[in-house]
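Trainee:
In the numbering used here, the protein residues as written are 1226 to 1412.
Below, the structure written as structure tokens:
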């Protein structure tokens, strides 16, 4: 069924190819930033004390008086730049952590590999515990459900799917028209 029905190596390949579509900034976020900056600098005429510097990696960070000196490499043209800053915010990426209760249940949970749970289409973990008990997970199945799984924009749909499963009936109508993206061939 859809993405989850693809072979594991194909799913990994697609996730690698589509990484920036899920980890990158959204159009709504860009518009919000643009409007805020436009209002601040063009309407209120405040000093331009902000710069956006995409496609760069900080290669060196040094203390410089009351602030910091950053040396950066530009990914598109391999240029090198330096920047003085009062504040540095480290955006090092998201790292997930297991809830404290999970290690005691791990012997019962089926895994794809060391770091990837086997998650069913209804967001339950495959496990060898009592069949009447389920462990529901959110934001733990991108490898099986695709890049859209952790997206905040789908939280209401995921929650409704889980609640329908918990209640054993359709509290929420989740019927959908045919998918625009056809992951599998018609055969």
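From the three backbone atoms N, C-alpha and C, an ideal C-beta is built for every residue, glycine too. Everything numeric in this text was worked out from a predicted model, so none of it was measured.
1. With a cut-off of 8 Å, do at least 3 Cβ pairs link the segment 1297 to 1307 to the segment 1268 to 1282?
2. Would you kindly work out how many angstroms separate the C-alpha atoms of residue 1387 and residue 1339, rounded to a whole number?
3. Which residue comes first and which comes last in the alpha helix (DSSP H) that contains residue 1382?
4. Rounded to the nearest angstrom, what separates residue 1374 and residue 1333 at their Cα positions?
5. In angstroms with no decimal places, state the Cα-to-Cα distance between residue 1286 and residue 1309.
6. Taking only runs of the beta strand (DSSP E) that begin and end inside the segment 1256 to 1290, which ones reach a length of at least 3 residues, in chain order?
7. So is residue 1365 buried or exposed if we call it buried at 16+ other beta carbons inside 10 Å?
8. Identify which residue in 1353, 1377 and 1354 has its Cα closest to the Cα of residue 1363.
9. Based on DSSP bridge pairs, tell me the residues matched to residue 1401.
Mentor: According to the structure data:
1. yes
2. 25 Å
3. 1380 to 1392
4. 24 Å
5. 10 Å
6. 1281 to 1289
7. buried
8. 1377
9. Paired residues: none, contrary to the question.
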